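K.L.:
Here it is, the structure in full.
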Amino acid sequence: MPSTWQPSAWGKVLTRSGNWKLALHGDSVTVTLSGVAIVTAVENFDAVVVTRGVFWSQIRLEVGEWVSRLYGIRSKDAAAFERAFAATLEALQLRQRTAEIDAAAQRASLG
């Protein structure tokens with residue numbers, strides 16, 4: 001599974017998507033739009049919505065008031081991003097819950 005995604009050559013032309021790249025690394029996502037990179041923690045996303053088309057899909061990312069719509073990605077690549085993002089978020093939440101349980105157990109053993 002790739003850790004970076006971008007519009008396909010045909011998707012770029014036919015959807016007029018422009019230049020963008022999406023990268024998932026660790027617990028953060030980098031969206032590069034026309035050479036400008038925006039890095040956001042996975043847990044800070046309010047919504048990640050993949051709308052699948054027959055050939056190309058759209059990914060909508062929302063963080064607070066910032067919304068980005070990424071067009072022209074092949075549908076199978078958009079599905080791969082959606083799965084990778086969900087798995088990353090789930091793993092992060094599991095680590096956070098484990099840390100909370102460990103902290104509570106530590107407090108209980110001290111008390």
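So that you can map any letter, position 57 of the sequence shown is 57 in the UniProt record's numbering, and since no number is skipped, the others follow by simple counting.
Every residue, glycine too, gets a C-beta built ideally from N, C-alpha and C.
If you're wondering where the values come from, they're calculated on a predicted model, not measured in any experiment.
(1) Roughly how many angstroms separate the alpha carbons of valine 67 and threonine 98, rounded to a whole number?
(2) Quick one: is alanine 9 buried, meaning 16 or more other Cβ sit within 10 Å of its Cβ, or exposed?
(3) Could you tell me if alanine 91 is buried or exposed, where buried requires 16 or more neighbouring beta carbons within 10 angstroms of its beta carbon?
(4) State the beta-bridge partners of serine 28 as determined by DSSP.
(5) Alanine 23 to arginine 107, Cα distance in whole Å?
(6) Less than 8 Å between the C-beta atoms of threonine 15 and glycine 72, yes or no?
(7) Could you tell me the alpha carbon to alpha carbon distance between alanine 104 and alanine 47, rounded to whole angstroms?
(8) Between Phe85, Pro7, Ala41 and Phe45, which has its C-alpha nearest glycine 64's C-alpha?
P.N.:
Quick answer:
(1) In the sequence shown, counting from the first residue as 1, residue 67 sits at position 67. In the sequence shown, counting from the first residue as 1, residue 98 sits at position 98. Their Cα atoms are separated by approximately 31 Å.
(2) For the purposes of this step, residue 9 is taken as the residue at position 9 of the sequence shown. Its Cβ having fewer than 16 others within 10 Å, alanine 9 is exposed.
(3) Residue 91 sits at position 91 when you count from the first residue of the sequence shown. When all chains shown are included, alanine 91 counts as exposed.
(4) Counting from 1 along the sequence shown, the entry for residue 28 is found at position 28. Note: serine 28 sits in a beta bridge opposite His25 and Ala41.
(5) Position 23 of the sequence shown, counted from the first residue, corresponds to residue 23. Position 107 of the sequence shown, counted from the first residue, corresponds to residue 107. Approximately 38 Å between the Cα atoms of the pair.
(6) Translated into the one-based positions of the sequence shown, residue 15 becomes position 15. Translated into the one-based positions of the sequence shown, residue 72 becomes position 72. In contact: threonine 15 and glycine 72 (Cβ atoms closer than 8 Å).
(7) Translated into positions along the sequence shown, residue 104 becomes position 104. Translated into positions along the sequence shown, residue 47 becomes position 47. Rounded to the nearest angstrom, the two C-alpha atoms are 30 Å apart.
(8) Position 64 of the sequence shown holds residue 64. Nearest of Phe85, Pro7, Ala41 and Phe45 to glycine 64, Cα basis: Phe45.
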